[in-house]
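Protein chains in written order, with the working numbering: chain A, 95 to 205; chain B, 204 to 317.
Where a beta carbon is used, it is the ideal one built from N, C-alpha and C, also for glycine.
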Amino acid sequence: TQLLEQSPQFLSIQEGENLTVYCNSSSVFSSLQWYRQEPGEGPVLLVTVVTGGEVKKLKRLTFQFGDARKDSSLHITAAQPGDTGLYLCADRNTGGFKTIFGAGTRLFVKA
Amino acid sequence: DSGVTQTPKHLITATGQRVTLRCSPRSGDLSVYWYQQSLDQGLQFLIQYYNGEERAKGNILERFSAQQFPDLHSELNLSSLELGDSALYFCASSRGEGSYNEQFFGPGTRLTVL
């Protein structure tokens with residue numbers, strides 16, 4: 095069974111700081127996804143990456159996929175209070191239609 | 204607003220009871236997924252339906268069952284409830300059934316079993 099480990103589990107920072115969160119898989123990702131979940135809501139897809147070494151940018155968020163397709167990082171530049179939430183990495187398993195999620199990194203950005 | 208609706212928003216019930224959670228997918232979406240999110244287990248995939256047919260099963264207990272109706276809405280039935288079933292239950296929908304189809308999550312149903 096594939097396991098996704100995310101670190102850190104919790105991060106509290108001041109507005110304007112930079113941060114990086116990590117996701118490591120026990121096996122090669124089929125299709126890596128990052129989601130953000132705000133309190134009281136369902137997860138919202140941020141990005142999907144499939145190619146090893148791929149880098150994608152979404153405004154102040156930069157997503158990197160490891161060359162071996164077993165790890166990923168999410169870097170946020172100049173964090174804002176609106177970035178507060180639970181960041182989840184996931185593998186959208188192409189074989190069985192299942193999606194496996196990591197436990198998440200809970201980010202709190204203080205104004 | 205993802206376009207996926209779930210009812211009820213909150214549900215409080217007792218051990219041993221049975222409840223039904225309802226999900227309406229986004230207009231035009233044929234796939235519906237159910238997930239359970241708890242503090243100790245995180246977000247876990249339960250089951251997927253596509254156009255009324257079951258497509259994939261995850262960590263769904265035998266006490267739980269689901270179905271997708273001809274109008275594409277879905278229901279998740281939880282029976283013989285235990286304290287440990289207390290969790291957030293999310294429904295998601297996507298246009299098709301393949302992994303390249305983005306899933307859109309509803310706001311969830313918070314189930315509390317006392």
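Ranking A:L152, A:L155, A:S124 and A:R130 by CA distance to the CA of N187 (chain A) puts A:S124 first.
For D165 (chain A), the uninterrupted beta strand (DSSP E) segment begins and ends at D165 to I170.
Annotation: the continuous beta strand (DSSP E) that includes Y236 (chain B) extends over S234 to S241. When DSSP states are grouped into helix, strand and coil, D161 (chain A) belongs to the coil group. The DSSP-derived three-state label of D274 (chain B) is coil. Looking at the DSSP output, E99 (chain A) shares a beta bridge with A:N118. Under the three-state reduction of DSSP, G176 (chain A) is assigned to helix. Boundaries of the beta strand (DSSP E) around Y129 (chain A): L126 to Q131. According to DSSP, K151 (chain A) shares a beta bridge with A:T156.
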